[in-house]
Each structure stands twice: as structure tokens, then as C-alpha cells.
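A.B. asks:
Numbering (the numbering used here), first residue to last: 67 to 185.
#1: Using CA atoms only, rank isn't needed, just tell me which of 172, 167, 79, 131 is closest to residue 153.
#2: Give me the DSSP bridge partner(s) of residue 69.
#3: Check the C-beta distance from residue 179 over to residue 69 and give it rounded, since I have them as a contact under 8 Å.
#4: Whose C-beta lies closer than 7 Å to the C-beta of residue 74 among residues of the same chain, with five residues either side of it excluded?
#5: From residue 116 to residue 135, what does the alpha carbon distance come to, in whole angstroms?
#6: Do you know whose CA, among 110, 133, 137, 76, lies nearest residue 125's CA?
#7: Run the CB neighbour count on residue 142, radius 10 Å, all protein chains shown included, and call it buried at 16 or more, exposed below.
#8: So residue 140 is in the beta strand (DSSP E); what residue range does that whole segment cover?
#9: Can you check which of these residues, 165, 119, 133, is closest to residue 182 by C-alpha distance?
#10: Using only the alpha-carbon positions, how far apart do residue 114 and residue 157 sit?
#11: Thinking just about the alpha-carbon of each residue, which of 128, 149, 163, 106 is nearest to the one in residue 120?
#12: Please work out which residues of its chain come closer than 8 Å, Cβ to Cβ, to residue 144, disregarding the five sequence neighbours upstream and downstream, and give them in chain order.
Written out as C-alpha cells, the structure reads:
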């Protein structure tokens, strides 16, 4: 079981319902379609790099300390969106860090489990 966050570039939606709609639109555009995957934007790539500065990529995790449930983490990013899973056992700490990091970088963070904007 994993815990999923979505982080994207753009205007912050006014409420959680609008954020859910925005997430769905971005997911369909960048990830869910059958078209060739678009490389992540510079800001999303920088966000992923900052996450990996805190915890290593799962493929490099020899000590079982990484919260990520997929590897490479950058592989979950496309265009202006990253939608990524993390291990449930580390979700509280990792999702808090990821949400605060996104905010500090001017990105939007949406929690798919709680269906709400963070922070």
C-alpha cells in the first residue's frame, strides 16, 4: 500500500474540490494519456532533485531508509506534474516534508488520500 501526492506548477486552486479537478486535468494531460510522455519542467525536476537530497532514490536505498515506492522518482514526473507514491510507513514524515518543500518552491501540493491541498 502506498500514499500518493501530486505536485504541480500553476495557480493555487481556491479550494480542495477545484484542486481535485485540476489534478485530474493535469493527470490526463501529462500522465494518463496515450501520447509520448513529456519531460518534466525545470521546476518539477528541481523539486524531485530536492526530494532526493533529503532521501535517496529507491534504487540506491541500501539501508531501507527511502520513503519512495517507485524508482526512479523522476520517472513519475511529466511536464508540470509529478504524481508519486511513498511507503505508507513513512508517509507522515515524507508527505509533510514534500508538501512544505513544494510550498517553498512555489509549487502546489495535493494529497490524494485526503483529497485536500497541502499545506
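All C-beta atoms in this analysis are idealised placements derived from N, C-alpha and C, irrespective of residue type, glycine included.
C.D. replies: Working from what's here:
#1: With distances taken between Cα atoms, residue 153 lies closest to 131.
#2: 152
#3: 6 Å
#4: 92, 146, 147, 173, 174
#5: 17 Å
#6: 137
#7: buried
#8: Note, residue 140: premise wrong, no beta strand (DSSP E); not H, not E.
#9: 165
#10: 16 Å
#11: 163
#12: Its chain contains 96, 97, 103, 104, 105, 106 as the residues whose beta carbon lies nearer than 8 Å to that of residue 144, once the 5 sequence neighbours on both sides are disregarded; these appear in chain order.
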